[in-house]
Amino acid sequence: MPFTISDYITCGIQIISLIAYLLVIFLLISSIYHKTAGISTEFYIHFIANGVVDILSNVLDICIRRFLTWGCFLEFYHSYLWIGNISPIIYYSTMGNCAVGILIITLNRFLQMNFPLFYKAFWTKKTAIILIIFQIITPYISYIYLVNFKVTLVYSEERDYFYHSMKDQRASWLNSLVMCIWSGLTFIVSFIMNILNIRKYKEIMNKKKKSGSPTSKVYVYSFYCCIISISLLMVFINSSIKLYAVEFAKKSLKELANFNFEWIILLMTCSHPFLIIILSKDIREKLFKFYTLDHLSKIRIIPMHIAVTTKSNVARH
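Residue numbers are given in our numbering: position 199 of the sequence shown equals residue 1269, and the series is strictly consecutive.
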């Protein structure tokens, strides 16, 4: 299946998002390293972790699924089927990492805005590291059963491309069920907290004196909360569709559900760097300052002293 206009648009969004993510991540790492992050340190840590997971999720989607749909490296994938065997574990677990990451960062905002004293005492760097370990490990544990199942390459006559599919459809059914559980739980909890977060954020902005700016920020923050909630809901709905398709052996519907994950992953992962830049004036100012020539010119250059040996110097010795 050749490149389509949709593929070009998707890849363009992913590349721009990747660049934006890396710019923000390097800035946040620098802020943490130089201890200028202040009370936002723990939030920055989670944003960096989520950024790495989101980037990895997009890269894996390209390597595991979309290369096959484009007809790239078919001989390689046919020759090394062990890659197909581990691909479901990595692919689904990474999506689980994204979902849990959204839940954790939503909880972070919820506690900071609604229970600031408890947040300050509870959400330390140690807590952040423990939660990141939980975010990474738990989805992989939930899909560890896949080591006992094999994967094969299947050709779709309707869509004209190859894709990885479980030989035993029980495994495919379990994959969809586990993803339904992950996305369903994270959606419900995140949705409730996002509603409360929007209300609290609106209260905070209304207390500020500047008119106009708070209102626009409330709209942007509400949009952000809607985006992450909708993306989790879409993962749940699509996983439910795939579960139904596997249960009743509807191959065409299953292939459609697999294809839908492309734009769902895009929605779930690629909006975060742009939204944090829009929402945070502090991030915008730091970002501009960090990547200007004026900042780069202040980088200290270590002088190097080179001893030059001449005939006169040799004669003296």
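Note that beta-carbon positions come from the ideal geometry of N, C-alpha and C, so glycine has one too.
Three-state class that DSSP yields for residue i in the structure shown
i: H1104; result: coil
i: I1085; result: helix
i: W1193; result: coil
i: S1212; result: helix
i: F1073; result: coil
i: F1143; result: coil
i: F1096; result: helix
i: F1318; result: coil
i: I1376; result: The pLDDT assigned to I1376 is 43, lower than 50, so where the model puts this residue is not dependable; a value taken from the coordinates is nonetheless given after this. Note: I1376 maps to coil in three-state DSSP.
i: H1387; result: Because H1387 sits at a pLDDT of 47, beneath the cut-off of 50, its placement in the model cannot be relied upon, and the following sentence gives the value as read from the coordinates. The answer is coil: DSSP assigns H1387 none of H, G, I, E or B.
Where the beta strand (DSSP E) through residue i begins and ends
i: S1235; result: Y1231 to M1236
i: V1259; result: Premise fails: V1259 lies in the alpha helix (DSSP H), Q1239 to N1276, not in any beta strand (DSSP E).
i: S1226; result: V1221 to S1226
Nearest candidate by alpha-carbon position, reference residue i, set the options
i: I1298; options: K1312, V1259 and I1311; result: V1259
i: S1253; options: S1149, P1343, R1240 and F1331; result: F1331
i: I1206; options: N1178, G1166, D1238 and R1179; result: G1166
i: D1352; options: V1094, S1087, D1131 and S1076; result: V1094
i: I1083; options: Y1361, I1347 and L1336; result: L1336
i: Y1233; options: M1338, S1101, N1155 and I1300; result: N1155
i: Y1225; options: L1187, R1135 and F1204; result: R1135
i: T1222; options: I1086, Y1078, S1157 and L1187; result: S1157
i: I1079; options: F1146, Q1182, C1340 and A1327; result: C1340
i: C1296; options: S1310, F1257 and F1180; result: F1257
i: D1077; options: F1188, W1140, L1088 and L1126; result: W1140
Straight-line Cα distance separating residue j from residue i
i: K1324; j: S1235; result: 10 angstroms
i: S1242; j: A1107; result: 44 angstroms
i: I1372; j: F1358; result: At I1372 the pLDDT is 43, less than 50, meaning the model places this residue with poor confidence and gives no usable figure here.
i: V1290; j: L1345; result: 8 angstroms
i: V1217; j: D1238; result: 12 angstroms
i: S1350; j: K1356; result: 10 angstroms
i: N1308; j: K1105; result: 42 angstroms
i: S1100; j: Y1361; result: 12 angstroms
i: L1201; j: D1230; result: 42 angstroms
i: T1164; j: K1190; result: 30 angstroms
i: L1266; j: L1151; result: 47 angstroms
i: E1145; j: L1138; result: 10 angstroms
i: K1278; j: Y1271; result: 11 angstroms
i: I1300; j: Y1294; result: 10 angstroms
i: F1318; j: W1333; result: 25 angstroms
i: Y1147; j: V1122; result: 26 angstroms
i: C1133; j: S1127; result: 10 angstroms
i: I1376; j: F1204; result: Residue placement at I1376 is poorly supported in this model, since its pLDDT is 43, which falls under 50; the coordinates are not used for a value here.
i: N1276; j: L1097; result: 30 angstroms
i: L1326; j: S1310; result: 12 angstroms
Residue i - containing alpha helix (DSSP H), residue span
i: S1110; result: Premise fails: S1110 is in no alpha helix (DSSP H) and is neither H nor E.
i: S1157; result: L1151 to N1184
i: W1333; result: K1321 to T1339
i: D1131; result: Note, D1131: premise wrong, no alpha helix (DSSP H); not H, not E.
i: F1360; result: K1351 to F1360
Residue j beta carbon less than 8 angstroms from that of residue i
i: A1119; j: P1343; result: no
i: S1212; j: V1248; result: yes
i: I1168; j: D1131; result: Just to set this straight, residue 1168 is Cys in the shown sequence, not Ile. In this structure, D1131 does not lie closer than 8 angstroms to C1168 by Cβ.
i: I1172; j: F1117; result: no
i: L1313; j: C1250; result: yes
i: E1228; j: N1178; result: no
i: I1268; j: S1292; result: yes
i: I1115; j: K1195; result: yes
i: M1183; j: I1274; result: yes
i: Y1162; j: N1264; result: no
i: M1338; j: V1288; result: no
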